[in-house]
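Below is one structure; the comments refer to it alone.
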Amino acid sequence: RGDRADYDEEVDSVCPFCGVGCQVSLKVKDDRIAYVQGIDGPANEGRLCVKGRFGFDYIHSPERLTVPLIRREDAPPKGLNVDPANPWTHFREATWDEALKAAATGLAGLRDAHGGRSVAGFGSAKCTNEEAYLFQKLIRTGFGHNNVDHCTRLCHASSVAALQENVGSGAVTAGFNEIENADVAIVIGANPTENHPVAATYFKQFAKRGGELIVIDPRGQALKRHASHMLQFRPGTDVALLNAIMHVIVEEGLHDRQYIDGFTDGFEGFRAHIAGFDPERMSEICGIDAETIRTVARVFAGAQRGMIFWGMGVSQHIHGTDNARCLIALALLCGHVGRPGTGLHPLRGQNNVQGASDAGLIPMVMPDYASVMDDEVRALYRDLWGGTEIDPQPGLTVVEIVEAMHARQIRGMYILGENPAMSDPDVEHARDGLAMLDHLVVQDIFLTETAMFADVILPAAAFPEKTGTVTNTNRQVQMGRRAVPAPGQAREDWRIVVDLARQLGLDWSYADPSEIFAEMTRAMPSLDNITWDRLVTEGAVQYPCPSPNSPGESVVFGDGFPRADGRALFAPARVTPPAETPDEDFPMILTTGRQLEHWHTGAMTRRATVLDAMEPGATCSLHPSTLRRLGVVAGDKVRLTTRRGSLEVATRSDRAVSPDMVFLPFAYVEAAANILTNAALDPYGKIPEFKYSAVRVESAGAE
Ligand code: SF4
Numbered sequence: 221r222g223d224r225a226d227y228d229e230e231v232d233s234v235c236p237f238c239g240v241g242c243q244v245s246l247k248v249k250d251d252r253i254a255y256v257q258g259i260d261g262p263a264n265e266g267r268l269c270v271k272g273r274f275g276f277d278y279i280h281s282p283e284r285l286t287v288p289l290i291r292r293e294d295a296p297p298k299g300l301n302v303d304p305a306n307p308w309t310h311f312r313e314a315t316w317d318e319a320l321k322a323a324a325t326g327l328a329g330l331r332d333a334h335g336g337r338s339v340a341g342f343g344s345a346k347c348t349n350e351e352a353y354l355f356q357k358l359i360r361t362g363f364g365h366n367n368v369d370h371c372t373r374l375c376h377a378s379s380v381a382a383l384q385e386n387v388g389s390g391a392v393t394a395g396f397n398e399i400e401n402a403d404v405a406i407v408i409g410a411n412p413t414e415n416h417p418v419a420a421t422y423f424k425q426f427a428k429r430g431g432e433l434i435v436i437d438p439r440g441q442a443l444k445r446h447a448s449h450m451l452q453f454r455p456g457t458d459v460a461l462l463n464a465i466m467h468v469i470v471e472e473g474l475h476d477r478q479y480i481d482g483f484t485d486g487f488e489g490f491r492a493h494i495a496g497f498d499p500e501r502m503s504e505i506c507g508i509d510a511e512t513i514r515t516v517a518r519v520f521a522g523a524q525r526g527m528i529f530w531g532m533g534v535s536q537h538i539h540g541t542d543n544a545r546c547l548i549a550l551a552l553l554c555g556h557v558g559r560p561g562t563g564l565h566p567l568r569g570q571n572n573v574q575g576a577s578d579a580g581l582i583p584m585v586m587p588d589y590a591s592v593m594d595d596e597v598r599a600l601y602r603d604l605w606g607g608t609e610i611d612p613q614p615g616l617t618v619v620e621i622v623e624a625m626h627a628r629q630i631r632g633m634y635i636l637g638e639n640p641a642m643s644d645p646d647v648e649h650a651r652d653g654l655a656m657l658d659h660l661v662v663q664d665i666f667l668t669e670t671a672m673f674a675d676v677i678l679p680a681a682a683f684p685e686k687t688g689t690v691t692n693t694n695r696q697v698q699m700g701r702r703a704v705p706a707p708g709q710a711r712e713d714w715r716i717v718v719d720l721a722r723q724l725g726l727d728w729s730y731a732d733p734s735e736i737f738a739e740m741t742r743a744m745p746s747l748d749n750i751t752w753d754r755l756v757t758e759g760a761v762q763y764p765c766p767s768p769n770s771p772g773e774s775v776v777f778g779d780g781f782p783r784a785d786g787r788a789l790f791a792p793a794r795v796t797p798p799a800e801t802p803d804e805d806f807p808m809i810l811t812t813g814r815q816l817e818h819w820h821t822g823a824m825t826r827r828a829t830v831l832d833a834m835e836p837g838a839t840c841s842l843h844p845s846t847l848r849r850l851g852v853v854a855g856d857k858v859r860l861t862t863r864r865g866s867l868e869v870a871t872r873s874d875r876a877v878s879p880d881m882v883f884l885p886f887a888y889v890e891a892a893a894n895i896l897t898n899a900a901l902d903p904y905g906k907i908p909e910f911k912y913s914a915v916r917v918e919s920a921g922a923e
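Residue numbering for the sequence shown follows the UniProt record's numbering, beginning at 221 and increasing consecutively.
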């Protein structure tokens, strides 16, 4: 690094895309990011994937929002009918003062006329910890309730629910780099090669040095090549498969009795429960033969040190919490928690979904997952926040808020950096809800599909244009640093939230993000011994951090769990079928997800030149035999139809997808996958079943 003459300065920061949290050196020339190099961060050791290396020029897109906008009185009806390059038939330019007043007046008017609960907020996992903290504080103190949520509801809410229930903490018990110390690792319902590419390099190295890599997934994804065991099971049958594996472990006496006696509760009831899941019978449900189930059980339980990694293939089901309960029980059964090379690790999605969740951007908990129903917790925040009483009633979650829009219970929203008009399940229903709002304030860097429904649009700085902390999947709190100025009049999100709070009558005075972080440290034990100055100097500190000089702990719970009795809990899980299953009208299974080149709803990566060139348009993946059966070849269009809607999309041939499945990424507005997905919710995590919808696939005729 530093050996090139083609930049003016270099600024160390963090990649703004996935939860791996790779550290980067941004090379800046003429106030533009000229190029990016990986640096020696704790999660990436110099490595970057294609998004981190080539994905930054979205910030220089001519489509950036540079001035505040207000909806014109003579605008056409709200909908996806705005040209981002020419929005002037729908919006007019406004000064910051005018836009903030309009935003606050509209929201406060609804609060005063219909009560605080008529307004809700979606914050963002792409913003900093300080911004997430301020956003939830604004909703809780400005409107007097807890209707504040963010995209964790759509990715790992069920994992967090199970982890909190069974081990007392929603974060990972070990960083992914701990795989270096493991003998065996299970990767289930995750496709790290595409979604957490730098983490995947550690998994591949682990396999290369002889580690047993067990990949469990309905799609035969890229990590399969490195796996010692690949279990391509039937979608939605996770509980049957995992309970069968645990049945074998207990039946053959491979469980760690000493660990179970010393650190857990509920084993006897759990043992009785899994006795009914013999592998022969479960094999018929999950499609994996009994002998393979037995082999995998022996490999995992027989290893000295084992880890479990999972992604949204586990969490995005109506039985997502049950899936995660099984994984936690499997680790506890084998004593694979709390030592180097052991642990539970849900691979977090967005760059700061861990930090935004920690900061309290969740309707049922305050920062650090302290329940809003706890009197002592509310008293703490009342005192910290100048006497405002906190509502003891948990708020609504993302999908519940959409339903409340339709019921006219929610009439106004403040949406910061989220794009529910693309990311919500049954998205036409969500778009209809957005169109029904009396007042919508959207704060973003682009005129997203959601911003098209807004009454007021506040232009925000992108991640490389501001300073603040983010927390990655490993619990590493890292410092993101401003490298270039924001375009036009765009401002940092924290500054806009503070300005809006003042317009709402709140007495807020933060001079910079370090003051916000200092307030967070007063309320959040997870930040003990982590200071702004340390992060400026050291770049990253992992929580929990036992002393001011410690880099933090990668592995936790070696001496007990943060539950009332200090012991982890075995929670039995029953087999629940998906909310809808294939039938005569909808005979195949639709599953959705991300691709290597594109990030979530595509707002950033589809405006990144290299990434857009690599994957310029939507395609769905079908097995070659399915293409033949449909009478199409790769590149032809098919029509996908579910009970929610229908769309046409080009095909690609992919042997990793089984013949009864279709995979569709959700980054493309022209074939928006969530038109098709099911909004049925997991009852605990309230996460929708993105990973399973019954679908009809038909040829739409060759292009
Ligand atoms: Fe960025 Fe994730 Fe790629 Fe690292 S792995 S460079 S954090 S997108």
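Backbone N, C-alpha and C fix where the C-beta goes; we use that ideal spot for every residue, glycine too.
Looking at the DSSP output, C840 bridges to T871.
The shortest C-alpha to C-alpha distance from L654 to any of A551, D727, G341, Y589 is the one to G341. Rounded to whole angstroms, the separation of the alpha carbons of P417 and C269 is 6 Å.
Cα atoms of A405 and D437: separation of roughly 14 Å, rounded to the nearest angstrom.
Here the alpha carbons of T608 and S913 stand approximately 44 Å from one another. Relative to ligand 1, the beta carbon of H556 is positioned no closer than 8 Å to any heavy atom. Partner residues in a beta bridge of W308, as assigned by DSSP, do not exist. In this model, M672 and V231 are separated by some 34 Å (Cα to Cα). For P417, the enclosing alpha helix (DSSP H) stretches over residues 417–428.
With distances taken between CA atoms, T286 lies nearest to Q709 out of Q709, N694, G482. With respect to the 9 Å criterion, V917 and R859 are classified as neighbours on the basis of their beta carbons. Within the same chain, Cβ atoms closer than 8 Å to the Cβ of W316 are found at P288, Q709, R711, D719, the five residues on either side in sequence being excluded.
Comparing C-alpha distances from A305 to each of L667, V877, R292 shows the shortest one belongs to L667. By DSSP's assignment, W530 forms a beta bridge with I408, P566. Placement of the Cβ of G241 at a distance of less than 8 Å from at least one heavy atom of ligand 1 is found. DSSP, reduced to helix, strand and coil, places A914 within a strand of the structure shown.
Note on N692: 16 or more other CB atoms within 10 angstroms of its CB, so buried under the neighbour-count rule. Unbroken alpha helix (DSSP H) stretches of 4 residues or longer found wholly inside the segment 671–713: none. Taken from the Cβ of V407, every heavy atom of ligand 1 lies 8 Å or farther away.
Non-local C-beta neighbours of R651 in its own chain, meaning closer than 6 Å and more than five positions away in sequence, comprise A641, ordered along the chain. Assigned with DSSP and collapsed to three states, E229 falls in strand.
The alpha-carbon of H537 is positioned some 13 Å away from that of I809. Around G688, the same chain offers T348, E350, G700, P733 as residues with beta carbons nearer than 6 Å, after the five sequence neighbours per side are excluded. With fewer than 16 other CB atoms across the displayed protein chains lying within 10 angstroms of its CB, R501 is exposed. Counted as a single uninterrupted DSSP element, the alpha helix (DSSP H) harbouring K357 occupies residues 349–362.
Cβ-Cβ distances below 6 Å link V795 to V459, A460 in the same chain, with the five nearest sequence neighbours on each side left out; the list follows chain order. For R814, the distance from the CB to the nearest heavy atom of ligand 1 is not below 8 Å.
DSSP links G258 through a beta bridge to V244. Contact holds between the segment 561–573 and the segment 396–415, because three or more Cβ pairs, one in each stretch, are under 8 Å apart. In the structure shown, the three-state DSSP call for V592 is coil. For T741, the enclosing alpha helix (DSSP H) covers residues 733–743.
Shown here, G336 sits in a helix according to DSSP, grouped into three states. With three or more CB-CB distances shorter than 8 Å, the segment 775–789 counts as touching the segment 548–558.
Under the Cβ criterion (8 Å, minimum of three pairs), the segment 421–430 does not count as touching the segment 569–589. Inter-segment contact for the segment 290–298 and the segment 258–278 is absent: fewer than three beta-carbon pairs are separated by less than 8 Å. In the displayed model, Y730 falls within coil according to three-state DSSP, outside both helix and strand.
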